[in-house]
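Below is one structure; the comments refer to it alone.
There are 2 protein chains.
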Amino acid sequence: MKQSQLFTKTRKEAPKDEVSRNAELLIRAGYVHKEMAGVYSYLPLGLRVLNKIENIIREEMDAIGGQEVSMTALQDRMLWEKTDRWDDAKVDNWFKTKLKNGNEVGLGFTHEEAITNIMTNHISSYKDLPIYAYQIQTKFRNETRAKSGIMRGREFSMKDLYSFSATQEDLDAFYELAKQAYKNIFERAGIGEITFVTFASGGVFSKYSHEFQTLSDAGEDTIYLSRGKGIAVNKEVLNDEVLNDLGLTRDELEEVHSIETGNIFKLGTRFSAPIGLNYKDENGEQKPVIMGSYGIGPGRLMGTIVESFADDKGIVWPESVAPFKVHLIDLREKEASDALYEKLTDAGIEVLYDDRDQSAGEKFGGSDLLGMPYRVVVSGKTLASGKFEVKVRKTGEVLMLDENELLAYLKR
Amino acid sequence: MKQSQLFTKTRKEAPKDEVSRNAELLIRAGYVHKEMAGVYSYLPLGLRVLNKIENIIREEMDAIGGQEVSMTALQDRMLWEKTDRWDDAKVDNWFKTKLKNGNEVGLGFTHEEAITNIMTNHISSYKDLPIYAYQIQTKFRNETRAKSGIMRGREFSMKDLYSFSATQEDLDAFYELAKQAYKNIFERAGIGEITFVTFASGGVFSKYSHEFQTLSDAGEDTIYLSRGKGIAVNKEVLNDEVLNDLGLTRDELEEVHSIETGNIFKLGTRFSAPIGLNYKDENGEQKPVIMGSYGIGPGRLMGTIVESFADDKGIVWPESVAPFKVHLIDLREKEASDALYEKLTDAGIEVLYDDRDQSAGEKFGGSDLLGMPYRVVVSGKTLASGKFEVKVRKTGEVLMLDENELLAYLKR
């Protein structure tokens, strides 16, 4: 894409009330716009990143048999009363509103109730199971504090998958599959090495749930990490029994801040029983369906990536989620730059082409802020040498490559 | 996709309170789930249709220079007070809710205010113009009546594009481009022949706006149509002056019911002036940006397609938006059916494969209800003849084709 066509502009300052580093950088770079605390619109480059993250998640959910749906924000009070989650005394972050007839409705902060109710129309026999359904959809949570930028929004994109199984064994087996799919997602999104499976509270139906915690000083969570064993325990559940269960000692644990980037949870019959989602087993007996839920926030993941890799010059995107792989900078050599832009895009490489009439300093500063993985410069100097200058955003490494070498390098 | 893996089931009856034909069929076929009046979740097959419609729209918006964004549902009261559209006495279909601090916020029923405000950060000079930004995003409208299924929802997907121009001439030129893009969308979605550009009220800044009205007995609108000239006039604006403007006589007009499937509107400075979206022209003079808005509802389009083509057996999808092109029915010839499924999918043809253990009658009934363009049957009888039976859902035409003929026919 030609940058002269892109409507967003970079800016020197974020809004004064913005306190999070991820939102500050994303606003300055023109990726998002702050509507109010915890409420951010996505502008073209930001939406490209979000879509890439969502597509990685979608592919991993499809790979374990997920079927995509899209549920609604507006939620029926009667359904949530069945599970005792309607009352504000029970759930403290509802947004509620009213229909014209005066009936109160909620804005979904999660969708266990909705999907369980939908499944009552589609599950009747053990032959219908298992089912895995997921959506990537907007959640609303009336947070008292919303100071973590796009990492904790009042309105945000969420992938939530729900599993429906006949037996505990089937749930357990799928749960392990989902755990691996989550590991794949973090690996592909570039934060695999700093993201750890973390034991957390399991609720009524299992001893533990699992969180995926990504190390970050900006994180709101505290976990105890065994780097050696690659697992962690949430501070909330750490005690001797847990240590014993996991074969850990306090000595090997390090207290670190982290961001909860995903969680998986065995629900058992917590929702199927009150909503009446039953199936007939092989002996004709009615039984409640055994459920699990598996959540990950694409926007939170995006914010976490910014927090994890940004340096003092700006954002640093991993290739897999960068809006464009290459930022091509023309320094008043339009003809050669146009030709290279065409060659690179013809080769299937995603290029943001800074074809604007700005100084080299402005272009370089903007490019560092935007954070594409590779910056390629076309200038009188590089052309005289018969080469192009490539700078790797993450490492600062500079290479001088001729056109064939450049194409081969970028197509790896 | 194998139908044995699809979690949705067809059903004989829609919910008793469902009064619209489109929702009744879509619910029975398992495409959508009714959460409450005017609020529908999309299940796997329904989401596939919606995505295909959205992608057609996206391609046409990209082709005229649209840049995709995604704005938020939650809307800031102060912004809407600037344009005098906050008060419930001025806008009667707001959903409103409250933040924890007591501040009232709205759920966006449209996004002129939000996008205009965003653009104040990105537009300063005539050199920044024109800009065309669009989103495909959820709108909330607190309708008193919601009896038209997915054609008029309280929560629904909407594509809204906003244009930002320096001059009226630039707006006028883009408006014609957008009109053509809309015609392309309806053509590609299969309802081009029954959709007419319709003159409607223009508001303060232009004499007319244009609606795209699709003929349907289920429509809530009444228009006067000149089939000969291929244009129509909304009943709300029909008078002698309008007839004169358009060179029409009452005699050539036919009163028909229709569904408003799109609208395009010149906004002028209605929003840019109160919100302060200005640009500096070539003489250094500050001027308000000239805007237009262009709306189309993917869900409404989907409902309109159902209403337009369904017959007494069920839904009839045009190829371009069908969840799958082919419904392959195995009548107890699993081996041959599996082989054909593999051949068709390898050839890049989208196939829903009914591999379930049901009677021929049940499978045929379900297939007619689901409405894929082509039904292909594999049975002992067809195999004995060395052919497969193809039935065209729309016309009922039946062909007997051998494997090569079948592949050639379906790959057209």
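Going down the list, the sequences are from chains Y and D.
According to my numbering, the first sequence is numbered sequentially starting from 1.
According to my numbering, the second sequence is numbered sequentially starting from 1001.
All C-beta atoms, glycine included, are put in the ideal place defined by N, C-alpha and C.
| query | In terms of residue numbering, what span does the alpha helix (DSSP H) encompassing Y/Asn-51 cover? | reply | 44–63
| Coarse secondary structure for D/Ile-1275, derived from DSSP in three states | helix
| Where Y/Arg-154 meets chain D, residues with beta-carbon distance less than 7 Å | Leu-1074
| request: With a 10 Å radius around its C-beta and 16 neighbouring C-beta atoms as the bar for buried, classify Y/Asn-244 as buried or exposed. | output: exposed
| query | Going along the chain, which residues of its own chain have a beta-carbon closer than 6 Å to the beta-carbon of Y/Lys-2, five neighbours each way excluded? | reply | Tyr-353, Asp-355
| field | Residues bridged to D/Gly-1292 [DSSP beta-bridge criterion] | value | D/Ser-1163, D/Lys-1266
| Taking DSSP as the reference, what is the three-state secondary structure of D/Gln-1358? | coil
| request: Look at Y/Ile-264 and Y/Lys-159 and say whether their C-beta atoms are less than 8 Å apart. | output: no
| Cα-Cα, which of D/Glu-1362, D/Glu-1254, D/Arg-1021 is closest to D/Gly-1149? | D/Arg-1021
| How big is the Cα-Cα spacing for D/Ile-1290 and D/Phe-1109? | 22 Å
| What residue range is occupied by the uninterrupted alpha helix (DSSP H) comprising D/Ala-1133? | First-last for D/Ala-1133: 1131–1140, but that is the beta strand (DSSP E), not the alpha helix (DSSP H).
| Bridge partners - Y/Asp-330, DSSP secondary structure assignment | Y/Val-378
| query | Between D/Val-1069 and chain Y, is there a C-beta pair that is closer than 8 Å? | reply | yes
| In this structure, what does DSSP give as the bridge partners for D/Asn-1234? | D/Ile-1223
| field | Cross-chain neighbours of D/Tyr-1042 in chain Y, by beta carbon under 7 Å | value | Val-69, Ser-70
| request: Could you check what DSSP says for Y/Glu-249 in three-state terms: helix, strand or coil? | output: The identity of residue 249 of chain Y in the sequence shown is Thr, whereas the question assumes Glu. Coil, per DSSP.
| query | According to DSSP, is D/Ser-1070 helix, strand or coil? | reply | strand
| said: On the CB-based measure, 16 or more other CB atoms within 10 Å of its CB, does Y/Asn-234 come out buried or exposed? | reply: buried
| Can you list, in chain order, the residues of the segment 84–102 of chain Y whose Cβ is nearer than 7 Å to any Cβ on chain D? | Phe-95, Lys-96, Thr-97, Leu-99, Lys-100
| query | Given that a residue counts as buried once 16 or more other Cβ atoms are within 10 Å of its Cβ, and exposed if not, what is Y/Lys-334? | reply | exposed
| said: Let me check one thing: in DSSP terms, what residues is D/Thr-1261 bridge-paired to? | reply: In DSSP, D/Thr-1261 forms no bridge with anything.
| task | May I have the straight-line CA-CA distance separating Y/Asp-62 from Y/Tyr-134, to the nearest angstrom? | result | 9 Å
| request: Under 6 Å Cβ to Cβ from D/Ser-1206, same chain only, skipping five residues before and after it: list those, please. | output: Lys-1266
| task | Could you please tell me which residues of the segment 1131–1142 of chain D, in chain order, have their CB closer than 7 Å to any CB of chain Y? | result | Ile-1131, Ala-1133, Thr-1138, Asn-1142
| field | Min CB distance Y/Leu-107 to chain D below 8 Å | value | yes
| Looking at C-beta atoms only, is the number of pairs between the segment 1271–1288 of chain D and the segment 1314–1326 of chain D that lie closer than 8 Å three or more? | no
| Going along the chain, which residues of its own chain have a beta-carbon closer than 6 Å to the beta-carbon of Y/Arg-77, five neighbours each way excluded? | Trp-86, Glu-104
| query | Looking at C-beta atoms only, is the number of pairs between the segment 38–56 of chain Y and the segment 66–81 of chain Y that lie closer than 8 Å three or more? | reply | no
| query | How many angstroms separate the CA atom of Y/Arg-28 from the CA atom of D/Ile-1259? | reply | 43 Å
| From which residue to which residue does the alpha helix (DSSP H) around Y/Tyr-409 run? | 403–411
| request: Please report how far the alpha carbon of Y/Lys-381 lies from the alpha carbon of Y/Ser-216, in whole angstroms. | output: 41 Å
| field | Contact set between Y/Val-39 and chain D, taken where Cβ atoms lie within less than 7 Å | value | Thr-1072, Leu-1074
| request: Check D/Met-1036 in the structure and name its three-state DSSP category. | output: strand
| task | Consider the Cβ of Y/Met-151: report whether some Cβ of chain D lies at a distance smaller than 8 Å. | result | no
| field | Listed by chain order, chain Y residues near D/Glu-1035 by CB distance under 8 Å | value | Met-71, Thr-72, Leu-74, Gln-75, Asp-76, Ala-114
| query | Would a check of beta-carbon distances place D/Asp-1007 closer than 8 Å to chain Y? | reply | The residue you asked about is not Asp; residue 1007 of chain D is Phe in the sequence shown. Chain Y, which has a Cβ nearer than 8 Å to the Cβ of D/Phe-1007, makes this yes.
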